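Down below is the structure, laid out as structure tokens.
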Amino acid sequence: MKHIVFGPSAAALVLFISTLFAMPLTPALALAVVVWVAWWWISECIPLPVTSLLPFILLPLAGVLAPDEAAVALGDDIILLFMGAFMLAKAVEASGVHKRIALGLVSQVGAGNGKKVVIAFMLATAFLSMWISNTASVLALLPVALALIDASDDKHFQRALLLGLAYAGSLGGVATLVGTPPNLIFASIYQNISGEEFGFARWMTVGLPVVVLGLPIIALWLTRHVKLDKPLELPKNEAMTTYEKRVLMVFSVVVVLWITRTSPFGGWTSLLGTGSLNDATIALAGVIAMFVIPSGHQQRKKLLDWDLAKDIPWGILLLFAGGICLAKGVMQSGLGDIIGDSLTSLGGLPIWLLVFVLSVSVSFVTEVTSNTATATLLMPILASTASALDLPIELLMIPAVIACSCAFCMPVATPPNSIVFASERLSIKEMAREGAILNILLAVVTTVVVMVFV
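When you line the sequence shown up against the numbering used here, it's residues 1 to 454, in that order.
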């Protein structure tokens with residue numbers, strides 16, 4: 001109860017102090033709303049999606065946004081994109097094709113070398129996490145990983161395999177726009193502030209290099225002491241079913257259309273003269289195709305049905321909408337400009353050092369807060385800071401978003417961390433010891449990639 005009361009109390013105090021220091025009323029009210037929402041998000045005194053409804057109430061009530069301006073956030077095309085991606089992922093998970101892909105990738109490596117086994121599991125998990133939730137990716141391979149762990153007495157191998165599974169699940173989502181919620185939060189707020197789209201292919205030019213560079217670093221660190229005395233036996237895949245083939249076909253077409261929509265040479269939308277189409281349109285078209293195409297399976301008539309589709313995490317979509325609404329209030333009230341101007345002292349730092357410090361700070365903050373909530377709060381602030389420093393806004397936004405997925409120390413930091421910790425084969429001390437170093441190493445990778453590609 002005290003956490004609930006503290007939110008509005010802190011908001012009232014911030015409003016009083018802000019006006020005392022001559023801040024104009026509208027941005028002061030916006031700041032009070034941010035503090036209230038932020039505290040409820042961080043403390044999770046009520047469910048995050050419910051807290052996300054607050055901006056739709058408080059910003060119009062404070063006169064910062066008109067009700068219809070606030071409501072526009074619910075129809076943002078990024079929300080439609082993620083809704084479509086969630087439904088597509090449900091079809092993939094129901095068919096089991098994700099497990100087949102994962103086991104296929106792992107079995108290509110073989111099980112005679114402990115380091116190769118860990119690397120194979122990490123590659124498979126990261127690849128799946130690019131397209132479906134990191135939770136589903138880790139859960140798909142966890143039973144196989146536990147079976148291999150039980151067959152080995154090497155404690156270093158056991159720890160490396162479990163942590164590699166978790167960390168690859170979190171990092172893999174960085175590669176694509178739909179891989180993890182913070183990526184889409186960035187894309188949405190970037191589009192709202194800059195008026196430009198940050199599309200699927202453009203994100204991959206930054207996200208994919210981080211994964212390609214980051215995975216080997218994580219693998220080398222985790223497997224530095226791994227040695228297997230005897231080879232392990234991996235399970236074998238059976239023949240692919242018609243159901244799996246059709247789901248994989250539709251999903252593959254969607255992915256290809258996402259990647260080639262605007263590139264190369266303007267992409268297929270330029271060729272067909274349909275430049276107004278976006279990634280959300282493609283995702284929803286894929287969903288419709290899943291609902292229409294027969295599965296060839298006795299228990300499920302179509303590749304996707306409503307019983308599956310209705311179980312997507314709607315709460316995440318509400319969290320997106322609330323964050324978009326809050327960001328709009330911050331920028332429209334002038335609060336963003338005030339915060340940005342107040343942080344101009346950071347301009348004295350070299351850009352690479354600013355990006356590195358930001359990446360490290362956000363990764364450790366995310367250890368104890370929701371990465372989605374953290375990204376939602378930081379995006380408009382960092383956009384304003386970048387503008388005040390006369391920098392491209394994505395130069396500060398992107399490293400912070402990537403850092404939200406690079407929290408490797410605590411079980412509560414990410415769902416993959418929680419899942420492997422729940423196996424009771426790891427201690428918090430082990431996870432924190434390995435993860436703290438990797439938080440810093442991935443901040444270095446992020447800094448290098450951002451400075452080169454952004």
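Even for Gly, the Cβ is constructed at its ideal location relative to N, Cα and C. Owing to the predicted nature of the structure, the values given are computational and were not obtained by experimental measurement.
Hey, would you say residue i sits closer than 7 Å to residue j, going by beta carbons?
i: Gly173; j: Ser129; result: yes
i: Ser370; j: Thr180; result: no
i: Leu184; j: Leu222; result: no
i: Ala422; j: Glu367; result: no
i: Val445; j: Leu213; result: yes
i: Pro380; j: Val330; result: yes
i: Leu303; j: Ser295; result: yes
i: Phe320; j: Ile79; result: yes
i: Pro143; j: Leu326; result: no
i: Ala32; j: Val5; result: no
i: Thr135; j: Ala168; result: no
i: Pro67; j: Gly334; result: no
i: Ala283; j: Leu81; result: yes
i: Asp279; j: Phe186; result: no
i: Ala30; j: Val64; result: yes
i: Gly340; j: Ala388; result: yes
I need the boundaries of the alpha helix (DSSP H) containing residue i, first residue and last residue.
i: Leu148; result: 134 to 150
i: Glu394; result: 394 to 404
i: Glu430; result: 428 to 453
i: Gly207; result: 200 to 222
i: Ser387; result: 371 to 388
i: Lys116; result: 114 to 129
i: Val357; result: 351 to 365
i: Gln298; result: That residue, Gln298, is in no alpha helix (DSSP H); it is neither H nor E in DSSP.
i: Ile293; result: Where Ile293 is concerned, there is no enclosing alpha helix (DSSP H), given that its DSSP letter is neither H nor E.
i: Ala321; result: 314 to 333
i: Arg425; result: Element bounds for Arg425: n/a, residue is neither H nor E.
i: Asn496; result: The requested residue 496 does not occur in the structure, where the chain is confined to residues 1 to 454.
i: Lys155; result: 155 to 172
i: Phe458; result: For residue 458 there is no data in the structure shown, the boundaries of the chain being 1 and 454.
Are there 16 or more other CB atoms within 10 angstroms of the CB of residue i, so buried, or fewer, so exposed?
i: Glu238; result: exposed
i: Ala22; result: exposed
i: Leu349; result: exposed
i: Lys328; result: buried
i: Leu220; result: exposed
i: Thr176; result: buried
i: Val41; result: Rather than Val, the amino acid found at residue 41 in this sequence is Trp. Counting Cβ neighbours within 10 Å, Trp41 comes out buried, since at least 16 surround it.
i: Ile236; result: Sequence check: residue 236 is Lys here, not Ile. It counts as exposed.
i: Lys99; result: buried
Any contact between the region 151 to 162 and the region 425 to 439? By contact I mean 3 or more CB pairs, one from each, below 8 Å. yes
Could you say if the region 36 to 49 and the region 349 to 358 meet the contact criterion of at least three C-beta pairs nearer than 8 Å? no
Unbroken alpha helix (DSSP H) runs of length 4 or more, entirely within the region 63 to 89: which are they? 67 to 71
Would the region 447 to 454 count as touching the region 190 to 209 if we require 3 or more Cβ pairs under 8 Å? yes
Mind pulling the beta strand (DSSP E) runs of 3 or more residues that sit fully within the region 232 to 271? none
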